[in-house]
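For the sequence shown, the numbering used here gives the first residue as 1, with consecutive numbering after it. We treat Cβ as the ideally placed atom computed from N, Cα and C, and that holds for glycine.
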Amino acid sequence: MNRKLEQGKKDIVLVDIDDTLAKTTPAYLRDIAAHAVKLFRAASHPSNWRRGPRYMFEASLQDAGFYRNLPVQEDSLAVLEDLKDDYDFKIATSRKLYLRSDTEFWLEQKFPDIFSEMFFDVKDKGELAAEIGAAKIIDNNITHYRSSKNRGVDAIWFAPRWWNGLSKNKRRHAVGWQAVRESFEK
Numbered sequence: 001m002n003r004k005l006e007q008g009k010k011d012i013v014l015v016d017i018d019d020t021l022a023k024t025t026p027a028y029l030r031d032i033a034a035h036a037v038k039l040f041r042a043a044s045h046p047s048n049w050r051r052g053p054r055y056m057f058e059a060s061l062q063d064a065g066f067y068r069n070l071p072v073q074e075d076s077l078a079v080l081e082d083l084k085d086d087y088d089f090k091i092a093t094s095r096k097l098y099l100r101s102d103t104e105f106w107l108e109q110k111f112p113d114i115f116s117e118m119f120f121d122v123k124d125k126g127e128l129a130a131e132i133g134a135a136k137i138i139d140n141n142i143t144h145y146r147s148s149k150n151r152g153v154d155a156i157w158f159a160p161r162w163w164n165g166l167s168k169n170k171r172r173h174a175v176g177w178q179a180v181r182e183s184f185e186k
């Protein structure tokens, strides 16, 4: 139950993108060979030497339209659509600002009219959640989960279905978006 009726406004829920809404890691692994060639070419250009490997890797993916074409986690849209009348969903991502246009494009295509605001290059999502008064955060990163919990913000540690068998803490996270729905019903 949320505080919507008490305060006259919806509870804020921060939602991560990569490996929470999008199947990012499986897509990275699928496309790694093609991107490795682009990354090598970018790394060999002197103008990129100071930018670092992460920048060059993400830039090679951006050039390929990678972030515009990510597959969506099963049931994510259906669950968010069912809950959007009761909650104010906002994006909190570690993605850099130069990925904003690809990210906005993807969200508009895959999750139209779900998110009211986006926060990019977020280092500590628990801190952001506490700062904006979020009631909950949904993220696959244990660091953001713990940071949120430590600040008194309810957190769902999301685990994509492909994680099954990879984690020793199966009871601590929601496997799939139906489990996320169930956590809202408690």
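> Between R95 and E127, what straight-line distance do the alpha-carbon atoms span, to the nearest angstrom?
Replying inline: 17 angstroms
>> When you compare the CB of T25 with every CB in chain D, is at least one pair closer than 8 angstroms?
In response: No chain D appears in this structure, which consists of one protein chain only.
> Taking the runs of the alpha helix (DSSP H) that are 4 residues or longer, which of them lie wholly in the region 72-96?
Replying inline: 76-83
> Leaving out five residues before and five after S148 in sequence, what residues of the same chain have Cβ atoms less than 6 angstroms from its Cβ?
Replying inline: G126, A129, I137, A155
> Hey, out of S116, R100, Y87, F105, whose CA is closest to D11's CA?
Replying inline: Y87
> Which whole-angstrom value is the C-beta distance of F158 and V122, which I expect to be below 8 angstroms?
Replying inline: Not a contact, Cβ separation roughly 16 angstroms.
> Which of helix, strand or coil does DSSP assign to L29?
Replying inline: helix
>> I need the straight-line Cα distance from E131 to P71, nearest angstrom please.
In response: 31 angstroms
>> For S183 and L97, what's the separation of their Cα atoms in angstroms?
In response: 31 angstroms
> On the premise that I142 lies in contact with T200, defined as a C-beta separation below 8 angstroms, what is that separation, rounded to the nearest angstrom?
Replying inline: The question about residue 200 has no answer here: the residues shown for the chain are numbered 1 through 186.
> Name the DSSP bridge partner or partners of K110?
Replying inline: K110 is not bridged to any residue.
>> Between the alpha carbons of L99 and G176, how many angstroms are there, rounded?
In response: 26 angstroms
> Leaving out five residues before and five after V79 in sequence, what residues of the same chain have Cβ atoms less than 8 angstroms from its Cβ?
Replying inline: W177, Q178, V180, R181
>> According to DSSP, simplified to helix, strand and coil, what is L14?
In response: strand
>> What does DSSP give as the partner residue(s) for E117 in the beta ladder?
In response: K90
> Would you report the Cα separation of H173 and S76, rounded to the nearest angstrom?
Replying inline: 16 angstroms
> How would you write the range of the alpha helix (DSSP H) that F184 sits in, first residue to last?
Replying inline: 177-185
>> According to DSSP, simplified to helix, strand and coil, what is A135?
In response: coil
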